[in-house]
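Heads up: the sequence shown runs through residues 0 to 247, numbered per numbering that gives the first Met the number 0. Here's the structure we're looking at; comments come further down.
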Amino acid sequence: MIVIKSSREIELMKEAGKVLIECFARLSSFIRPGVTTLDIANLVDETMAEMGAENAEKGYGGFPGSACVSVNDVLVHGIPSAKKVLRDGDIVSVDLVSRLNGYHADACRTFPVGIVKQEHLRLISVTEECFEIAYRMAKPGIHLGDICHAIGEHARKNGYSVPREYTGHGIGREMHEDPYIPNYGTPGTGPLLEKGMTLAIEPMVMEGKNALRVLADGWTAIARDHRYSAHYENTVAITETGAEILTR
Ligand code: MG
Numbered sequence: 000m001i002v003i004k005s006s007r008e009i010e011l012m013k014e015a016g017k018v019l020i021e022c023f024a025r026l027s028s029f030i031r032p033g034v035t036t037l038d039i040a041n042l043v044d045e046t047m048a049e050m051g052a053e054n055a056e057k058g059y060g061g062f063p064g065s066a067c068v069s070v071n072d073v074l075v076h077g078i079p080s081a082k083k084v085l086r087d088g089d090i091v092s093v094d095l096v097s098r099l100n101g102y103h104a105d106a107c108r109t110f111p112v113g114i115v116k117q118e119h120l121r122l123i124s125v126t127e128e129c130f131e132i133a134y135r136m137a138k139p140g141i142h143l144g145d146i147c148h149a150i151g152e153h154a155r156k157n158g159y160s161v162p163r164e165y166t167g168h169g170i171g172r173e174m175h176e177d178p179y180i181p182n183y184g185t186p187g188t189g190p191l192l193e194k195g196m197t198l199a200i201e202p203m204v205m206e207g208k209n210a211l212r213v214l215a216d217g218w219t220a221i222a223r224d225h226r227y228s229a230h231y232e233n234t235v236a237i238t239e240t241g242a243e244i245l246t247r
């Protein structure tokens, strides 16, 4: 069941979104060669605490960290570690969920570390474009499948693939609500969007094939061919005429 939110609830989610905006602003000047993925998670923890928010990823489903920090060929759910030192040329995605006044916001950015190869900058840009295309399409009366299809097609046209195992999702009082929002789909299928739906739209784009392996830690999802991937996500609310981004 897709939970429709009141404008009051959407305002509360926007407050949770502001916490993520601040986290990403601090991270963009903090991330550089020599920083560890644990340093990133610690900065997130401090920022959320300072802003009076809960870090909803911490311990979620047993996740052993306080942020998903995924480097290069890791697609999602990278576990922060003091041993994982970022190097020049890496790309790192930081996926965060805050909870404030009982409501969640979920967003992800992929940051270049130092001087990054042109091909990897292009991967990051195309991933962001996939989101923009979906966001611009989103409005009452269109099918969810229309958006999912557009994301997958933009990735495919650029020579990339998208994973099947991980998807976007509805969000609100719960971190994960209905509907699932895959990064591929069939136009004209799935639920019709309605005003008051709140959705975490999150293109994950892979340079190579979309075959994944989960490491023995039970979380880290890594490309089998070890080519790089990027991830970009915002929480959006469907409005009367379109959609509003709550995390940017
Ligand atoms: Mg997320």
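Note that beta-carbon positions come from the ideal geometry of N, C-alpha and C, so glycine has one too.
key: Boundaries (first-last residue) of the beta strand (DSSP E) holding Ile90   = Segment Ile90 to Leu99, the beta strand (DSSP E) holding Ile90.
ask   = Is DSSP giving Val73 helix, strand or coil here?
value = DSSP places Val73 in strand when its eight states are reduced to three.
request  = Find the nearest neighbour of Lys138 within the set Arg31, Thr240, Phe62 and Val34, judged by alpha-carbon distance.
outcome  = Of Arg31, Thr240, Phe62 and Val34, the residue nearest in Cα terms is Thr240.
message = Tell me the rounded alpha-carbon separation between Ala15 and Ile244.
response = Near 12 angstroms, if we compare the C-alpha coordinates of Ile244 and Ala15.
Cβ contact (3+ pairs, closer than 8 angstroms) linking the segment 28-39 and the segment 62-82 = The segment 28-39 vs the segment 62-82: in contact.
inquiry  = Which residue marks the beginning of the alpha helix (DSSP H) containing Glu45, and which one marks its end?
reply    = Per DSSP, Glu45 is one residue of the alpha helix (DSSP H) stretching across Thr36 to Glu49.
ask   = Where do the ends of the beta strand (DSSP E) carrying Thr197 lie?
value = Per DSSP, Thr197 is one residue of the beta strand (DSSP E) stretching across Thr197 to Ile200.
request  = Please classify Ala236: does DSSP put it in a helix, a strand, or coil?
outcome  = Correct three-state label for Ala236: strand.
query = Which runs of the beta strand (DSSP E) spanning at least 3 residues fall entirely within the segment 146-216, listed in chain order?
reply = Within the segment 146-216, the complete beta strand (DSSP E) runs of at least 3 residues are 167-169, 176-180, 197-200, 203-205 and 211-213.
Phe110 classed as buried or exposed, judged by whether at least 16 other C-beta atoms fall within 10 angstroms = Classification of Phe110: buried, given that the 10 Å Cβ count is 16 or more.
query = Does ligand 1 have even one heavy atom less than 6 angstroms from the beta-carbon of Asp87?
reply = No, the beta carbon of Asp87 sits no closer than 6 angstroms to any heavy atom of ligand 1.
inquiry  = My output table needs one value for Ser228: the three-state DSSP class, helix, strand or coil.
reply    = Three-state result, Ser228: strand.
request  = Using beta-carbon positions only, say whether Gly77 and Thr166 come within less than 7 angstroms of one another.
outcome  = Cβ atoms of Gly77 and Thr166: not closer than 7 angstroms.
ask   = Going straight from the alpha carbon of Phe23 to that of Ile123, what length do you get?
value = Distance between Phe23 and Ile123, taken at the CA atoms: about 16 angstroms.
ask   = Looking only at DSSP bridge pairs, what is Thr109 linked to?
value = Per DSSP, Ser92.
key: Reference Leu42, options Lys13, Ala66, Ser6 and Phe62, closest by Cα   = Of the candidates Lys13, Ala66, Ser6 and Phe62, the one whose C-alpha sits nearest the C-alpha of Leu42 is Ala66.
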